[in-house]
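Listed in order, the protein sequences are those of chains A and B.
For the first sequence, the working numbering gives the first residue as 1, with consecutive numbering after it.
For the second sequence, the working numbering gives the first residue as 1, with consecutive numbering after it.
For reference, the structure is listed below as structure tokens.
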Amino acid sequence: MDEFVKSRIKQVRKGDQNAFGEIVELYKDKVFQLCFRMLGNSHEAEDISQEAFIRAYINIERYNIDRKFSTWLYRIATNLCIDRIRKKKPDYYLDAEVAGTEGLTLYSQIPASQLAPDEEVSKIELQEIIQNEILKLPEKYRAVIVLKYIEELPLLEISKILDLPIGTVKTRIHRGREALRKQLRHI
Amino acid sequence: MHEYLDGEILPEHKNILTVHLKSCADCRQHFQELEKSIALVKSISHVQAPADFTQKVLMNLPKEKKKVSVKRWFSRHPVLTAASIFSIFMAASLLSHWSGDDFSVTKNPDLVIENNTAIVPEGETVTGDIVVKNGDIRIDGKVDGSVTVINGEIVNGESYMASAGQVKGDIVEINEAFEWLWYQMKHIFESTMNMLTGKE
Chain A
1 MDEFVKSRIK QVRKGDQNAF GEIVELYKDK VFQLCFRMLG NSHEAEDISQ
51 EAFIRAYINI ERYNIDRKFS TWLYRIATNL CIDRIRKKKP DYYLDAEVAG
101 TEGLTLYSQI PASQLAPDEE VSKIELQEII QNEILKLPEK YRAVIVLKYI
151 EELPLLEISK ILDLPIGTVK TRIHRGREAL RKQLRHI
Chain B
1 MHEYLDGEIL PEHKNILTVH LKSCADCRQH FQELEKSIAL VKSISHVQAP
51 ADFTQKVLMN LPKEKKKVSV KRWFSRHPVL TAASIFSIFM AASLLSHWSG
101 DDFSVTKNPD LVIENNTAIV PEGETVTGDI VVKNGDIRID GKVDGSVTVI
151 NGEIVNGESY MASAGQVKGD IVEINEAFEW LWYQMKHIFE STMNMLTGKE
């Protein structure tokens, strides 16, 4: 497959957009999924993944053909997602303590009915809950968790995508896992 | 625990972990919760990009260089490519005839040549078609056939008005490269047709 991608990229560098179309076909689901899990809605996910492919096309000269193409592509997509998350950050946080209370956060004000243990949760609802819990993670943990457990990438590749030392990636995965554990243990 | 979950635990650490988890309920619960949350995250079904995704990307790309699309077109239509290359060569070779500017005339014993002008003398009847290239023709007598003048004109002198009667066949004047090309093609086509139908 690497050879196929390489030959397509050489075509793209000559300006062949159809060859680029084949590359988009190959990676669109993975990139879309990454964006969807990072952003939590399909509109934005489509926007950002479109943007990621267009940037890849425009900057194709800067891609080092001896490296893995998907790593480079994921990197563009992840960076775009993180930028988007930072831009749309709300000015309040669910984690922030509610003024005048002790240890109470906005989480505790969300009705807990959907999490009632005796209620049967349908599969779709469950998926929504999990997605929401992922979205509650700060973006630096969210990125590693999505790359590791949804895209199922090895640590080394994640460290290349995020341009972080492996140690940092591990620490973030550990913290992300702990956060998810706290959020998901009652399901 | 995290070493284990990262899949990088050393065998001796793994032993310590298993032994400890057996005896410590708190850690066991913690560990199970971690495993459960990972399983839950992994369980969310895989989403797919919308159907028209690739098309949309391609539509929004900066315009592709013309050269490439032409090249691709050629590589996709080899027969048409061959045909168009052929026709380019054809046109080139036909035009090269055109560009030659030597005076020439169909050989005929009854024709008189004078300063790049072919003359059909008065009282004479030339039988057969006449082609004059890069020169003029003056028809004082009669022609039993067609007259074609390329890059020149028919000078009829005083009896200009009667010219129609003097030439039995067609009179054609060709002065443009394109017309020349057209004439050649028509000519080739006609002779091919004649060959096919066995007329000649």
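In this text, a Cβ means the ideal position worked out from N, Cα and C, and glycines have one as well.
Listed by chain order, chain B residues near residue i by CB distance under 8 Å
i, result
"I9 of chain A", "By Cβ distance, chain B contributes nothing, its closest Cβ being about 14 Å from I9 of chain A, past 8 Å."
"D29 of chain A", "H46, V47, Q48, A49"
"R177 of chain A", "H2, L5, L34, S37, I38"
"G167 of chain A", "Chain B residues near G167 of chain A: none, gap ~11 Å exceeds 8 Å."
Chain A residues whose Cβ lies nearer than 7 Å to that of residue i
i, result
"P50 of chain B", "E46"
"K42 of chain B", "Y149"
"V57 of chain B", "V24, Q50, F53, I54"
Partners in chain B for residue i, counting only beta-carbon separations shorter than 7 Å
i, result
"E25 of chain A", "T54"
"R181 of chain A", "E33, L34, S37"
"H174 of chain A", "H2"
"F69 of chain A", "What F69 of chain A touches in chain B: nothing, since even the nearest Cβ is about 16 Å away."
"Y57 of chain A", "L61"
"K170 of chain A", "D6"
Cutoff 7 Å; reference residue i; Cβ partners in own chain excluding five residues on either side
i, result
"G40 of chain A", "Q131, L135"
"E153 of chain B", "D136, E173"
"R175 of chain A", "Y141"
"P165 of chain A", "S159"
"T168 of chain A", "none"
"A162 of chain B", "Since pLDDT at A162 of chain B reaches only 48, below the 50 mark, its modelled position is unreliable, and the value read off the structure follows with that caveat. Excluding residues within five positions, none has a Cβ falling inside 7 Å."
"A19 of chain A", "R8, Q11, V12"
"T101 of chain A", "For T101 of chain A, the predicted model reports a pLDDT of 49, less than 50, meaning its position is unreliable; a value from the coordinates is still stated below. So no residue of the chain qualifies."
"H13 of chain B", "E3"
Beta-ladder partner(s) of residue i, from DSSP
i, result
"A118 of chain B", "B:I113, B:I137"
"K142 of chain B", "B:T125"
"V169 of chain A", "Answer is none; V169 of chain A lacks a bridge partner."
"E173 of chain B", "B:V149"
"S104 of chain B", "B:K133"
"V167 of chain B", "B:V143"
"V155 of chain B", "B:R138"
Contact set between residue i and chain A, taken where Cβ atoms lie within less than 8 Å
i, result
"N60 of chain B", "Q50, I54"
Beta-carbon spacing of residue i, residue j below 9 Å
i, j, result
"A82 of chain B", "L181 of chain B", "no"
"S37 of chain B", "R172 of chain A", "no"
"V31 of chain A", "A49 of chain B", "yes"
"L58 of chain B", "R177 of chain A", "no"
"I54 of chain A", "L61 of chain B", "yes"
"E152 of chain A", "K63 of chain B", "no"
"G21 of chain A", "T54 of chain B", "yes"
"I158 of chain A", "L147 of chain A", "yes"
"D144 of chain B", "K168 of chain B", "yes"
"F74 of chain B", "L80 of chain B", "yes"
"Y63 of chain A", "A56 of chain A", "yes"
"D16 of chain A", "K68 of chain A", "no"
Same chain, Cβ closer than 6 Å to residue i, neighbours up to 5 away in sequence not counted
i, result
"V105 of chain B", "A118, V132"
"Q166 of chain B", "I139, K142"
"E139 of chain A", "I82, I85"
"M193 of chain B", "none"
"S159 of chain B", "Below a pLDDT of 50, predicted positions are generally treated as unreliable, and S159 of chain B, at 45, falls in that range; no measurement from the model is reported."
"A143 of chain A", "T78"
For residue i, the nearest candidate out of the options (CA to CA)
i, options, result
"N175 of chain B", "B:L58, B:D136, B:K142", "B:D136"
"R185 of chain A", "B:V47, B:I88, B:L40", "B:L40"
"I171 of chain B", "B:H187, B:I130, B:E179", "B:I130"
"E179 of chain B", "B:E190, B:L80, B:N151, B:V19", "B:N151"
"D102 of chain B", "B:Q32, B:N108, B:M193, B:N115", "B:N115"
"L73 of chain A", "A:I124, A:K87, A:L34, A:D47", "A:L34"
"D66 of chain A", "A:I23, A:L156, A:K6, A:E46", "A:K6"
"E126 of chain A", "B:Y183, B:E190, B:W73, B:S45", "Residue identity differs from the one stated: residue 126 of chain A is Leu in this sequence, not Glu. Ranking the options by Cα distance to L126 of chain A, first place goes to B:S45."
"L21 of chain B", "B:M1, B:E12, B:F89, B:I9", "B:M1"
"A77 of chain A", "A:K170, A:D29, A:S122", "A:D29"
"I187 of chain A", "A:V144, A:S122, A:K170, A:A143", "A:S122"
"V47 of chain B", "A:N64, A:A56, A:E51, A:Y27", "A:Y27"
"T127 of chain B", "B:P11, B:R76, B:V147", "B:V147"
"M38 of chain A", "A:Y149, A:P154, A:N59, A:K170", "A:Y149"
Partner residues on chain A for residue i, Cβ-Cβ distance less than 9 Å
i, result
"D102 of chain B", "Correct list: empty, because the minimum Cβ distance to chain A is about 47 Å."
Own chain residues within Cβ distance below 8 Å of residue i, not counting five before or after
i, result
"D163 of chain A", "R75"
"M185 of chain B", "L94"
"E61 of chain A", "R13"
"H30 of chain B", "M1"
"I16 of chain B", "none"
"L115 of chain A", "Residue confidence is low: L115 of chain A scores 49 on pLDDT, short of 50, so the model does not pin down where it sits. Its coordinate-derived value is still stated next. Excluding residues within five positions, the ones whose Cβ falls inside 8 Å are I129, H186, I187."
"V155 of chain B", "T117, D136, I137, R138"
Distance cut-off 8 Å: residue i Cβ against heavy atoms of the ligand FAD
i, result
"Q127 of chain A", "Within the structure as shown, the ligand FAD is missing, as the structure has no ligands at all."
Partners in chain E for residue i, counting only beta-carbon separations shorter than 9 Å
i, result
"I187 of chain A", "You won't find chain E in this structure, because its protein chains are A and B."
Proximal chain B residues relative to residue i, where beta-carbon distance stays under 9 Å
i, result
"G21 of chain A", "T54, Q55, V57, L58"
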